[in-house]
Amino acid sequence: MSEIAVHHGLSLNRINAMVLRYWYLLLSSWPRLLELVYWPALQIITWGFLQNYISQTSGFFAQAGGTLIGAVILWDILFRGQLGFSISFLEEMWARNLGNLMMSPLKPIEFLISLMIMSVIRLAIGVIPMTLLAFFFFGFNFYAIGLPLIAFFCNLIFTSWSVGIFASGLVLRNGLGAESIVWTLMFALMPLACIYYPVSVLPHWLQIVAWMLPPTYVFEGMRSLLIDHVFRVDLMVHALVINAVLLVASFSIFLALLRSAKRNGSLLGGGE
Amino acid sequence: MNIEDTIPRKSPASASDPAASAAIDVAHLVKVYKATRAVDDVSFRIARGSITGLLGGNGAGKTTTIAMIMGLVLPTSGRIHVLGFPMPEESAEVLGRMNFESPYVDMPMRLTVRQNLTIFGRLYAVRNLADRIDRLVADLDLRDFIDRANGKLSAGQKTRVALAKALINEPELLLLDEPTASLDPDTADWVRQHLENYRKSHNATILLASHNMLEVERLCDRVIIMKRGKIEDDDSPDRIMARYNRDTLEEVFLDVARGRTRESAT
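Order-wise, the sequence lines are chains A and B. So that you can map any letter, position 80 of the first sequence is 80 in my numbering, and since no number is skipped, the others follow by simple counting. So that you can map any letter, position 75 of the second sequence is 1075 in my numbering, and since no number is skipped, the others follow by simple counting.
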């Protein structure tokens, strides 16, 4: 697998070139730029009103103010982080440009790092307005979470990259016929990551599965912070360790799928 | 900062090794897709500074052979050396020194020509990139549409842009798949002239797959004819035509495609 050539070191110039490419792409279509803000905004408004309604009728939610809105915003970091990564990758498939990139000196690791950077940029464009809406409409100051927010964010973005790398590898190997994986894979984690309810709600055997997912620790940590006002460092460390394993595993799988794509000639077509 | 810049460059295989002196050295190359043998025990060596045409009908194995040389497709067996380095194992050593143009890949449609060339120039670490782009704009006559989105160009304009991308890093080795497809005769002739000039000025090696026999006759020092994954013939255009007792490569191509042997053709 030495054609992957990780050992030759990284070129920041090539990573910058790819980020510049995606930046140009982003600016070339205002509907796509608007779309980055549109869905998160709708999401926060809908869930914000629901949170208001439940707070008025439930003593628990009145006390645990912001758990729903907080969960919605954190879920969006996870979901939109992965989409931001994967859509930039799909742009190459849609443009039939992968052959140009794979034959250039760009290395897979540099390609993936540029996609990670773009996922953060796209996420910022979508989620920052979302948090401002949450503050102005529903009085929920997301940034008041403070330093724990950094731990939540890092763990969620790492998971989103792992899922993004894995999904991109599948599309690379199987062509655009597998594109739906990009849009749906993260939703498979949704019930198990316990976004809107505690892990204890799940049957015991499913709890074991849930604790294998880093987002579960983040959402438990968020509830602990907002309801009990305790920041659980142990949960964040657990999530970080699992994230490290997932990132290494997803990168290895991506390389294996790239190699398989080269064996099957998929890089020449890229279509369905 | 480029971390890679601090890493010493590897030397190719020994100069006494024929694989090191050739631009491309392919030995017993085989590619099997499920039950199809797309390339079947192909061997050839291409000298530096030459232009070689790879001819053959659809499904002859030309594109797969070029794709394996580029590292886009992994061979089932056999070995490939490019500029003295084994591929794909040492591809990092040579990818910056080669480039390609193929109808199987596109330039990104929503970016302008200048943006595309800027990005590829940076990927190939081209020095004085703005000057290089200006030079390509002048050489390939891109001035009228340099700031237009690639998706809004005519087929001929897109081919010229793809050629500009292929030349952005002044490659020592240029792989071209149907370089003048969809061009009008005047533009196609102009592109051929440009390729000839480029070869002379840079002592570059060019391997091109084409269905245009006139193009191959005019450009190539050597022709490799493929059929059903195998090399059917390999020589200079003149000698191949003489062998088949034909006046044009097109007639030779038809003989090969229709299964007429050299003997029966004569």
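Positions of the beta carbon are idealized from the N, C-alpha and C atoms, including for glycine.
Going straight from the alpha carbon of residue i to that of residue j, what length do you get?
i        : j        : result
F135(A)  : S55(A)   : 16 Å
R1239(B) : E1215(B) : 17 Å
P148(A)  : T1076(B) : 52 Å
F954(B)  : R1148(B) : Here chain B has residues from 1001 to 1266 only, and residue 954(B) is not among them.
E1090(B) : L1173(B) : 16 Å
G84(A)   : V120(A)  : 7 Å
G1229(B) : G1061(B) : 5 Å
P31(A)   : G1057(B) : 44 Å
L1140(B) : A261(A)  : 34 Å
I45(A)   : R223(A)  : 21 Å
M999(B)  : V245(A)  : The structure shown does not extend to residue 999(B), since chain B spans only 1001 to 1266, so no value can be given for it.
R1176(B) : E179(A)  : According to the sequence provided, residue 1176(B) is Leu. The question's Arg does not apply to it. Their Cα atoms are separated by approximately 30 Å.
M18(A)   : L26(A)   : 12 Å
L1249(B) : L112(A)  : 46 Å
M186(A)  : L156(A)  : 12 Å
L1111(B) : Y24(A)   : 7 Å
V1113(B) : L1153(B) : 9 Å
P105(A)  : L1183(B) : 29 Å
D1041(B) : M130(A)  : 60 Å
V1126(B) : L1219(B) : 27 Å
L1074(B) : D1247(B) : 38 Å
A1257(B) : K1227(B) : 7 Å
Is there a C-beta anywhere in chain A that falls below 8 Å from the one on residue i?
i        : result
G1096(B) : yes
A1067(B) : yes
R1160(B) : no
S1102(B) : yes
V1105(B) : yes
L1273(B) : One cannot answer for residue 1273(B) here, as it falls past the ends of chain B, which runs 1001 to 1266.
L1268(B) : Within the shown structure, residues of chain B are numbered from 1001 to 1266, placing residue 1268(B) beyond reach of any answer.
L1083(B) : no
L1207(B) : no
L1142(B) : no
L1268(B) : Residue 1268(B) is absent from the structure shown; chain B starts at 1001 and stops at 1266.
Pick helix, strand or coil for residue i, following the three-state DSSP scheme.
i        : result
H1202(B) : helix
H1211(B) : coil
Y143(A)  : helix
M103(A)  : coil
R96(A)   : coil
E1251(B) : helix
G126(A)  : helix
G1151(B) : helix
D1235(B) : strand
I1080(B) : strand
M186(A)  : helix
N1002(B) : At N1002(B) the pLDDT is 47, less than 50, meaning the model places this residue with poor confidence and gives no usable figure here.
H1028(B) : strand
I1051(B) : strand
R1037(B) : strand
L1174(B) : strand
P1008(B) : Low per-residue confidence applies at P1008(B): pLDDT is 48, beneath 50, and the placement is therefore not dependable enough to give any value.
R1246(B) : coil
Listing by chain order, which chain B residues have their CB less than 7 Å from the CB of residue i?
i       : result
A124(A) : By Cβ distance, chain B contributes nothing, its closest Cβ being about 22 Å from A124(A), past 7 Å.
Going along chain A, which residues have a C-beta under 9 Å from residue i?
i        : result
G1071(B) : E3, M102, M103, K262
I1119(B) : A17, M18, L20, R21, Y24
Answer with yes or no whether the minimum CB distance from residue i to chain B is below 8 Å.
i       : result
L268(A) : yes
G84(A)  : no
A256(A) : no
Q174(A) : First, the amino acid is wrong: residue 174(A) is Asn here, not Gln. No, because no Cβ of chain B sits closer than 8 Å to the Cβ of N174(A).
L189(A) : no
R14(A)  : yes
L33(A)  : no
L156(A) : no
Against residue i, what residues of chain B qualify as contacts under a CB-to-CB distance less than 9 Å, listed in chain order?
i      : result
S28(A) : R1110, L1111, T1112, Q1115, A1149
G66(A) : Under the 9 Å cutoff, chain B gives no residues; its nearest Cβ is about 40 Å from G66(A).
Could you list which residues in chain A have their beta carbon closer than 8 Å to that of residue i, in chain order?
i        : result
Y1033(B) : N264, G265
L1054(B) : Neighbours of L1054(B) on chain A: none; closest Cβ ~16 Å, over 8 Å.
Within the present structure, is the beta-carbon of residue i separated from the nearest heavy atom of the ligand HEM by less than 7 Å?
i        : result
L1163(B) : Absent from the structure shown: the ligand HEM. Ligands present: none.
List, in chain order, every chain B residue whose beta-carbon is nearer than 8 Å to that of residue i.
i       : result
N97(A)  : V1105, D1106, M1107, P1108
L106(A) : L1123
Would you say residue i reaches chain E, if we count a Cβ-Cβ gap shorter than 8 Å as a contact?
i        : result
L1195(B) : No chain E is present in this structure, whose protein chains are A and B.
Give the interface partners of residue i over in chain A, defined as CB-CB distance under 7 Å, in chain order.
i        : result
L1029(B) : Those within 7 Å of L1029(B) in chain A number zero; the least Cβ separation is about 14 Å.
Examine the Cβ distances between the region 1130-1148 of chain B and the region 32-41 of chain A and report whether three or more of them are shorter than 8 Å. no
Contact between the region 213-232 of chain A and the region 64-75 of chain A (3+ Cβ pairs under 8 Å): Contact between the region 213-232 of chain A and the region 64-75 of chain A is present, because at least three Cβ pairs lie under 8 Å.
How do the region 81-95 of chain A and the region 1091-1100 of chain B stand: do at least 3 beta-carbon pairs fall below 8 Å, yes or no? Flag = no, the region 81-95 of chain A and the region 1091-1100 of chain B do not touch.
Whether or not the region 1020-1036 of chain B and the region 1105-1112 of chain B are in contact is what I'm after, with contact meaning three or more pairs of Cβ atoms, one per stretch, closer than 8 Å; do they touch? no
With three or more C-beta pairs closer than 8 Å as the rule, is the region 247-262 of chain A touching the region 160-175 of chain A? yes
Cβ contact check for the region 151-163 of chain A and the region 111-131 of chain A: 3 or more pairs under 8 Å: yes
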